[in-house]
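J.:
Residue numbers (the working numbering): -10 to 276.
1) Quick one: Cα of residue 108 to Cα of residue 246, how far?
2) Who are the Cβ neighbours of residue 50 in its own chain at under 7 Å, not counting the five residues just before and after it?
3) Taking a contact to mean a Cβ-Cβ separation below 9 Å, would you say residue 195 touches residue 84 in this structure?
4) Let's see if you can read the secondary structure: which residues bound the alpha helix (DSSP H) around residue 175?
5) Since residue 122 and residue 150 are thought to touch, with beta carbons under 8 Å apart, how far apart are those beta carbons, to the nearest angstrom?
6) At what residues does the alpha helix (DSSP H) containing residue 221 begin and finish?
7) Which residues in the same chain as residue 93 place their Cβ atom closer than 7 Å to its Cβ, once the five residues preceding and following it in sequence are excluded?
8) Residue 229 and residue 3 - do their beta-carbons sit closer together than 9 Å?
9) For the structure I just gave you, are there three or more beta carbon pairs, one from the region 179 to 197 and one from the region 212 to 223, closer than 8 Å?
10) Where does residue -10 land, buried or exposed, given buried means 16+ other C-beta within 10 angstroms?
11) Ordered along the chain, which non-local residues of its own chain (more than five positions away) have a Cβ less than 7 Å from that of residue 179?
12) Pull up the distance between the alpha-carbon of residue 250 and that of residue 225, whole angstroms please.
13) Looking at the secondary structure, which residues open and close the beta strand (DSSP E) in which residue 15 lies?
14) Taking only three categories from DSSP, how would you classify residue 86?
15) Compare the Cα-Cα distances from residue 158 to each of 63, 182, 174, -1 and report the closest residue.
16) Using only the alpha-carbon positions, how far apart do residue 132 and residue 212 sit?
17) What residues in its chain sit with their C-beta under 7 Å from that of residue 201, if we drop five residues either side in the sequence?
18) Please specify which runs of the beta strand (DSSP E), each continuous and at least 3 residues long, are wholly inside the region 220 to 264, giving them in chain order.
19) Relative to the C-alpha of residue 142, which residue among 127, 130, 120 is closest?
20) DSSP three-state label for residue 62, please.
21) Should residue 95 and residue -2 be called a contact, given that it needs their Cβ atoms to be closer than 9 Å?
22) Reducing DSSP to helix, strand and coil, say where residue -5 ends up.
23) With DSSP as the reference, identify every bridge partner of residue 120, one or two as the case may be.
24) Assign residue 19 to one of two classes, buried (16 or more other C-beta atoms within 10 Å of its C-beta) or exposed (fewer than that).
25) From 118, 129, 216, pick the residue whose C-alpha is nearest to that of residue 105; which is it?
26) Which class does residue 190 belong to by DSSP, given the choice of helix, strand or coil?
27) Residue 241: which of 38, 67, 115, 171 sits nearest, CA to CA?
28) Could you say which of 12, 42, 53 lies nearest to residue 30 if we only look at CA atoms?
29) Please report the straight-line C-alpha distance between residue -8 and residue 43, rounded to a whole angstrom.
30) Just checking my contact of residue 144 with residue 117 at CB under 8 Å: how many whole Å lie between their CB atoms?
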């Protein structure tokens, strides 16, 4: 597997990792500059030469995985028999510098309904490092011409045209994906809300709409859907920051995006402790 494919695999699995690169080589060394190794919590792909260099780099990479805000790190290795190494002697005679670059888990968001508000929200979120799914039943909403405003996106954008059952996309989304329901059809919104509540590994679930709309939905979710109050409370409505009350699509989009960014920050803080524990278990040989 190439290092590019390994990085993509970690992103798809929503697992943190570290990209390790041989940055400089002086004299003789196991690998040339540019050799790469991808380190995950429990797996590695590629090689920077094996031996002490690789073992120490993997140890350090997993320390970074367990850090709240990891920064890139440079490590220097002298390859001679006079150096005391943690994982054995490498006496090629040269010196190697290794760069470690953290690969954080990026947030994932799915917008169901890419109308006026949905497109404005997509324009804002597309400027961030995340996976952005755009789902709509209307083909004219997802044309290249209309979505051209996202051409310079930083986010990875995935477009789903689902003429019949948009809720089927929920099964394709990565665990932890945040859901925003804002379609043109209240019946479609209701079906999506019900299906989202039956999908237990999602992130937050937001529903656009008025208090009257939510009252009707809540009653249907309880009576026809059979959901209890605690389950129904997974849905947040109204969406966005309640302090921002404007009705213009761009204003609503800014409000929703700001609330999502706050949610991302909470997710990041919550994930820090489990990642640290997992990294310690891997280093100690536990499974």
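A virtual CB, placed ideally from N, CA and C, is assigned to each residue, including glycine. Keep in mind the model is a prediction, meaning the values are calculated, not measured.
T.: Taking the coordinates as given:
1) As a working mapping, residue 108 is identified with position 119 in the chain shown. As a working mapping, residue 246 is identified with position 257 in the chain shown. About 12 Å.
2) Here residue 50 corresponds to residue number 61 of the chain shown, with the count starting at 1. Exclusion of the five residues before and after residue 50 leaves 7, 9, 28, 89 as the residues of its chain whose Cβ lies within less than 7 Å of its Cβ.
3) The residue given as residue 195 occupies position 206 in the chain shown. The residue given as residue 84 occupies position 95 in the chain shown. Using a Cβ distance threshold of 9 Å, residue 195 and residue 84 do not count as a contacting pair.
4) Against the chain shown, residue 175 aligns to sequence position 186. Start and end: 175 to 186.
5) Numbered from its first residue, the chain shown carries residue 122 at position 133. Numbered from its first residue, the chain shown carries residue 150 at position 161. The Cβ separation is near 12 Å, so there is no contact.
6) Counting from one through the chain shown, the residue named residue 221 turns up at place 232. Where residue 221 is concerned, the enclosing alpha helix (DSSP H) stretches over 218 to 221.
7) For the purposes of this step, residue 93 is taken as the residue at position 104 of the chain shown. Closer than 7 Å at the Cβ level, and outside the excluded window around residue 93, lie 5.
8) Working through the chain shown from its first residue, we reach residue 3 at position 14. Working through the chain shown from its first residue, we reach residue 229 at position 240. No Cβ-Cβ contact shorter than 9 Å links residue 3 with residue 229.
9) Flag = yes, the region 179 to 197 and the region 212 to 223 touch.
10) As a first step, residue -10 must be located in the chain shown, where it is residue number 1. Classification of residue -10: exposed, given that the 10 Å Cβ count is below 16.
11) Locating residue 179 in the chain shown gives position 190, counting from the first residue. Taken in chain order, the residues that qualify are 206, 209.
12) The residue given as residue 250 occupies position 261 in the chain shown. The residue given as residue 225 occupies position 236 in the chain shown. About 15 Å.
13) Numbered from 1 along the chain shown, position 26 holds the residue referred to as residue 15. 6 to 15 is the extent of the beta strand (DSSP E) around residue 15.
14) As a first step, residue 86 is located in the chain shown; it is residue number 97 there, counting from the start. Annotated three-state conformation of residue 86 is strand, per DSSP.
15) Looking up residue 158 in the chain shown gives position 169. Out of 63, 182, 174, -1, 182 has the C-alpha closest to the C-alpha of residue 158.
16) Taking the chain shown and counting its residues from 1, one reaches residue 132 at position 143. Taking the chain shown and counting its residues from 1, one reaches residue 212 at position 223. Looking at the two C-alpha atoms, the distance is approximately 38 Å.
17) Position 212 of the chain shown, counted from the first residue, corresponds to residue 201. Here the set comprises nothing.
18) none
19) Translated into the one-based positions of the chain shown, residue 142 becomes position 153. For the residues 127, 130, 120, the minimum Cα distance to residue 142 belongs to 120.
20) Translated into the one-based positions of the chain shown, residue 62 becomes position 73. In the structure shown, residue 62 sits in a strand (DSSP, three-state: E or B).
21) Here residue 95 corresponds to residue number 106 of the chain shown, with the count starting at 1. Here residue -2 corresponds to residue number 9 of the chain shown, with the count starting at 1. It is not a contact, given that the beta carbons lie outside the stated cut-off.
22) If you number the chain shown from 1, residue -5 lands on position 6. Residue state for residue -5 is assigned as helix, using DSSP reduced to three classes.
23) By one-based count along the chain shown, residue 120 stands at place 131. In the DSSP output, where bridge partners are listed per residue, residue 120 has 97, 145.
24) If you number the chain shown from 1, residue 19 lands on position 30. With 16 or more Cβ atoms within 10 Å of its Cβ, residue 19 is classed as buried.
25) Your numbering for residue 105 matches position 116 in the chain shown. Closest option to residue 105, Cα to Cα, is 129.
26) Start at 1 with the first residue of the chain shown, and residue 190 comes out as number 201. Coil, per DSSP.
27) What you label residue 241 is simply residue 252 of the chain shown in a count that begins at 1. Here the closest residue by C-alpha is 171.
28) Mapped onto the chain shown, residue 30 falls at position 41. With distances taken between Cα atoms, residue 30 lies closest to 53.
29) As a first step, residue -8 must be located in the chain shown, where it is residue number 3. As a first step, residue 43 must be located in the chain shown, where it is residue number 54. Going by the C-alpha atoms only, they are around 15 Å apart.
30) The residue given as residue 144 occupies position 155 in the chain shown. The residue given as residue 117 occupies position 128 in the chain shown. That pair is a contact at about 6 Å.
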